[in-house]
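In my numbering, the protein residues as written are 3 to 242. Beneath this line is the structure, given in structure tokens, with notes to follow.
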């Protein structure tokens, strides 16, 4: 959303965007809403609960209304798959922290922790894949999230790490990464079954570039005289 809002309120921008998009929905009971941590807050989930919208989203820790969850640093010392949760009985809002490669915090006004799902993850110490538990609310979020949030998730997995001194360099690399992700999503939709991974997709794009020009024969000799020098073109001689 862009532009100036005519009916701006004291609510955060993310909350206003969600409420504005849902204002055209006639039957709220038939919809589940998923959004990322830019939009979500404990107050928004409570409000959507009152509007009969089922909603789930990743949430920043400073928007959990001081929910008594274990600190992130404590959970990060636990094995992958460990989790902690708390349920707001007054507003019927669930908050969950789960350890994957990093700590993930979600909030939902309708979903549950159990039954637990299992997801494959690489164990660095054992150098093998293993199944770790995953709360149902997180499994459903990963299954149904789409659009911008899924795009951001893919951007975080692999991105250009070359630093530049120019202020616009980060914008340029971001656009290149976004173009690669868009191409990968397009490829995966066309390919259908068993597409290659994002890592292999990026590798197939980048590996051929160093080979460009390799083995090309460079012609040695005097420069061509078929083109007149630029100075002569700029200052033509007068013809008498």
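Beta carbons: idealized from backbone N, C-alpha and C, even for Gly.
Short check: CB of residue i to CB of residue j, under 8 Å?
i: residue 187; j: residue 159; result: no
i: residue 143; j: residue 58; result: yes
i: residue 86; j: residue 77; result: yes
i: residue 82; j: residue 56; result: no
i: residue 101; j: residue 84; result: yes
i: residue 119; j: residue 141; result: yes
i: residue 136; j: residue 126; result: no
Using the beta-carbon count (16 or more within 10 Å), is residue i buried or exposed?
i: residue 164; result: exposed
i: residue 235; result: Because residue 235 carries a pLDDT of 44, less than 50, the predicted location of this residue cannot be relied on, and the following value inherits that uncertainty. With fewer than 16 Cβ atoms within 10 Å of its Cβ, residue 235 is classed as exposed.
i: residue 189; result: exposed
i: residue 98; result: buried
i: residue 181; result: exposed
i: residue 191; result: exposed
i: residue 66; result: buried
i: residue 12; result: exposed
At what residues does the beta strand (DSSP E) containing residue i begin and finish?
i: residue 85; result: 85-90
i: residue 34; result: 34-37
i: residue 200; result: Premise fails: residue 200 lies in the alpha helix (DSSP H), 200-208, not in any beta strand (DSSP E).
i: residue 123; result: 119-125
Rounded C-beta distance between residue i and residue j? I'm assuming under 8 Å.
i: residue 93; j: residue 51; result: 6 Å
i: residue 154; j: residue 38; result: 7 Å
i: residue 35; j: residue 24; result: 7 Å
i: residue 95; j: residue 33; result: No, residue 95 and residue 33 are not in contact; Cβ-Cβ is about 18 Å, not under 8 Å.
i: residue 138; j: residue 115; result: 6 Å
i: residue 179; j: residue 157; result: 6 Å
From what residue to what residue does the alpha helix (DSSP H) around residue i run?
i: residue 144; result: 138-146
i: residue 75; result: 74-78
Among the candidates the options, whose CA atom is the shortest distance from the CA of residue i?
i: residue 183; options: 167, 195, 151 and 213; result: 151
i: residue 111; options: 31, 212 and 206; result: 31
i: residue 68; options: 166, 88 and 80; result: 88
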